Amino acid sequence: MKIALYGLPCAGKTSLMKELKNIKIIYGSEELNKLCNGHFSELPENEKKNVRIRYTEYVNNLKDDIIISDGHYSFLDNVVFTDEDRNLYDVFLYLYCNPQIILNRMKQSEKNAKYATLSNEVIRKWQNFELSALRSECHKYGKDFYVIDDNELTSCKFQDFVAFLISGFSTYGHAEQLVKKIRDIYPNPCELHITDGDKTIIKQDSFRSCYKGKTQIFDRNFYTGYQSYLFEHELKESTVDDGTVDQIEVNGFITEKIKDKKAIILSSGIKELWKKIAVRKHLLNVFADPMISADTKYYVVKLLREAGYRIIAYGDSKIDLYMLQEADEGFLFIGDKLSRSLREEHIAGIKLIYNMEPYILANENYEDVQQDIAICKSASGINGGKLAAAHLRLGQQIGSKIAELIPKQDTAIIVLERGGRFFGDGLYSTFGGTFYSFNPKIDSIPNIDTPRVVIVDSVINTGKSIVKQIDLLRKSHPNTEIVIATNVIQRKALELFKNYKVYAVRISDNFYIGMKQANQIAGTGPDTADRLFNLIKSNF
35 MKIALYGLPC AGKTSLMKEL KNIKIIYGSE ELNKLCNGHF SELPENEKKN
85 VRIRYTEYVN NLKDDIIISD GHYSFLDNVV FTDEDRNLYD VFLYLYCNPQ
135 IILNRMKQSE KNAKYATLSN EVIRKWQNFE LSALRSECHK YGKDFYVIDD
185 NELTSCKFQD FVAFLISGFS TYGHAEQLVK KIRDIYPNPC ELHITDGDKT
235 IIKQDSFRSC YKGKTQIFDR NFYTGYQSYL FEHELKESTV DDGTVDQIEV
285 NGFITEKIKD KKAIILSSGI KELWKKIAVR KHLLNVFADP MISADTKYYV
335 VKLLREAGYR IIAYGDSKID LYMLQEADEG FLFIGDKLSR SLREEHIAGI
385 KLIYNMEPYI LANENYEDVQ QDIAICKSAS GINGGKLAAA HLRLGQQIGS
435 KIAELIPKQD TAIIVLERGG RFFGDGLYST FGGTFYSFNP KIDSIPNIDT
485 PRVVIVDSVI NTGKSIVKQI DLLRKSHPNT EIVIATNVIQ RKALELFKNY
535 KVYAVRISDN FYIGMKQANQ IAGTGPDTAD RLFNLIKSNF
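If you're matching positions, the sequence shown starts at 35 in the numbering used here and goes up one per residue.
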């Protein structure tokens, strides 16, 4: 077995490997320098590549049963990982280290001094890029991938985990065993619905609800087999509160979708607990095991699809992400809030399932919100900068609420000018995404390339102007998910948007045509955009 340990410079790979016993250990940088008389860092890039190939040939020719070697996936934008590396190793480990710790070590390292001027954020993004890219490589070619977290809770378990791998455990092999069991139930290729357990087929997290114990193992959202291994061992110190099992609730959103379908439940939960849940909640075909990681779920779907099955998958968090992306159709159940583990993830190609009821900020009854609403009302007489500031603050509130439900990655914000300007700026400042400023009177609808769009305006009266923009958007992007965000929406207009998620500060029963006037008179009143830009005519 050949094991690769990757990680950023100064992550601590050498220190970790020194703790291993009875294993052939190869320190990559030392061997690379031996192959070029100690001048590897001085070589041009094409010659470095040749030396790396000679290095992989050297490792490949070693006769030791177990070999572990450290290495690098990239040096900032320069990816040095090669086909030879991928083919050489059976298992890939990645050592995660806190970016600030890495940066502090780089500043004290003569060898890595060239990185000492990098920011903490660049280190964080560099490390996250490597984690994602190496995991994707492993998924593509059926390799085992594990993230080793350097925190005090887990680092001491590294030796035991390597021994566990040597004894025969494999995430890919585990997935193969599960697929065999699934095919015993559904032997012929068919459309098969695979759903996650916790917070997907049931509303709660079964461990947190039913066990007298807590865990920090998944706090960094890696969900590889290493975290599963630690969790399984931690469970020995926890006890189940059997009386809480009856309080578990089945999720109607998902059970309705798989009703009368060929389905299985694939959970990283606790086997004995899920046996009880399955019996009491009448759930069939449950496969639950703490060792089911995000990569296990991915490989189960991949192997079933390769065998001719069409997979519809449902999940709620990062542990389900790769399964949902690999499935023929993936559905992310969000419920009331997007899982924290997905806040920075790209989830293009995955459909969202959430409560479609309109969200109305005024219902929260926050004091500062009510004050800003009072400023925004046409009867307040407040225009210009003070009104714009209120719009900005309310937009920030709505933006933070949207961020709880929808990932900012792969989301475009289209702000309708002029009225939506300040509200849209506030929304963008707390939500993020990709920003487009759009004036329907003079601009063509933006050519977006994201799977979801938030259309922002300050006031929706009849709703016809928004519907027109949606129709234009649908012509070029028929499958785009659309969300509506506004400061004020007229109550009757809500019916037009019943098939869209609507975020509004408040609902108004008022209706008038906007004009450049200070007060409401019969069917006309002060135009919001004119108020914002201080263009209202007034006698005082």
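All C-beta atoms in this analysis are idealised placements derived from N, C-alpha and C, irrespective of residue type, glycine included. This one's a predicted model, so the numbers in the text were calculated from it and none came from an experiment.
Selected residue, minimal CA-CA separation from I235, among S301, G207 and D275: S301
Beta carbon of G303 nearer than 9 Å to that of F252: no
Extent of the continuous alpha helix (DSSP H) to which T484 belongs: Counting along the chain, T484 falls outside any alpha helix (DSSP H), and DSSP gives it neither H nor E.
N- and C-terminal bounds of the alpha helix (DSSP H) containing T289: G286 to I292
Where the beta strand (DSSP E) containing N94 begins and where it ends: No beta strand (DSSP E) holds N94; the alpha helix (DSSP H) holding it covers E79 to N94.
Own chain residues within Cβ distance below 7 Å of T90, not counting five before or after: E118, D119 and L122
Rounded separation between Y388 and G369 - CA only: 5 Å
Simplified DSSP state of I570, which is helix, strand or coil: coil
Proximal residues to F652 (C-beta, below 6 Å), its chain only, five neighbours per side dropped: Shown here, the chain extends from 35 to 574; a query on residue 652 therefore has no answer.
Cβ-based burial, A347 [other Cβ within 10 Å; buried from 16]: buried
Integer-rounded CB distance, given that T258 should sit under 8 Å from Y180: 5 Å
I504: first and last residue of the uninterrupted alpha helix (DSSP H) it sits in: K498 to S510
Nearest to D477 (by Cα), restricted to the options H267, A527 and Q503: Q503
Where S414 sits in the DSSP three-state scheme: helix
Cβ-Cβ separation, L428 to V403 (assumed contact under 8 Å), whole Å: 7 Å
Option nearest S103 by Cα separation, candidates S49, N533, E79 and L110: S49
N- and C-terminal bounds of the beta strand (DSSP E) containing E225: E225 to T229
Chain-order list of residues whose beta-carbon lies under 7 Å from that of L337 (same chain, five-residue window excluded): A209, E210 and V213
Cut-off 8 Å between Cβ atoms - residues of its own chain near K420, not counting five sequence neighbours on either side: I409
S542 in three-state terms, based on DSSP: strand
Residues near I345 by beta carbon distance below 7 Å, same chain, minus five either side: L226, I228, V335, L338, R339, A361 and D362
DSSP beta-bridge partners of I304: In DSSP, I304 forms no bridge with anything.
Beta-carbon contacts of K352 that lie in its chain and below 8 Å, excluding the five residues immediately before and after: N255, Y257, A328, S373, S375, L376 and E379
Residue from L566, Q405, Q431 and L152 whose Cα sits closest to the Cα of S463: Q431
Where the alpha helix (DSSP H) containing A328 begins and where it ends: A328 to E340
Environment of F109 [buried if 16+ CB atoms lie within 10 Å]: exposed
I216 classed as buried or exposed, judged by whether at least 16 other C-beta atoms fall within 10 angstroms: buried
When D483, V501, V522 and I570 are compared against H511, the one with the closest alpha-carbon: D483
Backbone CA spacing between E186 and N132 [nearest angstrom]: Residue confidence for E186 is low, a pLDDT of 44 falling below 50, so the modelled location carries little weight and cannot support an answer.
Buried/exposed call for G342, threshold 16 Cβ in 10 Å: exposed
Rounded C-alpha distance that separates K36 from E65: 16 Å
For T273, the residue or residues it bridges with in DSSP: DSSP lists no partner for T273.
Exposure of P324, with buried meaning 16 or more beta-carbon neighbours within 10 Å: buried
Rounded C-alpha distance that separates S189 from G247: Only weak support exists for where S189 lies, its pLDDT of 49 falling under 50; the value from the coordinates is given anyway. S189 and G247: Cα-Cα distance of roughly 21 Å.
Test item: CB-CB of V517 and V539 under 9 Å: no
Beta-carbon proximity check, G466 vs A437, cutoff 9 Å: yes
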